[in-house]
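What follows is a short report on a single structure.
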Amino acid sequence: LFPPTPKNKITLANETTIVAPLGGYQYVPIETVKPGNDHTLEPWTDCPIYHISKVYTSLEFKEKAKSVQPFFGAIRDYVFGRPTTLE
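Under the working numbering, residues 15 to 101 are what the sequence shown spells out, in order.
This is the structure we're talking about:
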């Protein structure tokens, strides 16, 4: 379904047929959720499936959160006011 194929083409209004760039490259469809509607990774979620509260208190999580702080500091201006932590 997703490897490049010359069958990935379109006919324009002037009846010119063109093949997608990169030899018919097909983009993988991705569904997104608006940031305000994505509740699965919010810190207040205490779903037994995710065990979020157990994850946040683990030593591994605390170490990883500390190690990624430089990255989160660098992207702070690009996330439109959302928290830039793993929590």
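Every residue gets a Cβ at the ideal spot worked out from N, C-alpha and C, and that includes glycine. Fair warning: this is a prediction, and the values are worked out from it, not measured in the lab.
C-beta neighbour in chain D for residue i, strict 9 Å
i: GLY37; result: Absent from the structure: chain D. Only one protein chain is present.
Spatial distance of residue i from residue j (CA atoms)
i: TYR92; j: PHE85; result: 12 Å
i: GLN40; j: ASN22; result: 7 Å
i: ARG90; j: GLU29; result: 47 Å
i: ALA79; j: THR46; result: 25 Å
i: GLU77; j: GLN83; result: 10 Å
i: LEU26; j: ARG96; result: 41 Å
i: ILE32; j: ALA88; result: 40 Å
Extent of the continuous alpha helix (DSSP H) run through residue i
i: ILE89; result: 83-89
Under the three-state DSSP convention, the category residue i falls into
i: VAL33; result: strand
i: LYS23; result: strand
i: GLU101; result: coil
i: GLY95; result: coil
i: SER72; result: coil
i: LYS80; result: helix
Residue nearest to residue i in terms of C-alpha spacing, selected from the options
i: SER81; options: ALA27, THR99, THR71; result: THR99
i: PHE94; options: LYS48, ALA79, LYS21; result: LYS48
i: GLY38; options: PRO20, LEU26, THR25; result: PRO20
i: VAL42; options: PHE75, THR31, PRO17; result: PRO17
i: PRO35; options: SER67, LYS76, ILE24, ILE44; result: ILE24
i: THR71; options: LEU26, ILE32, GLU101; result: GLU101
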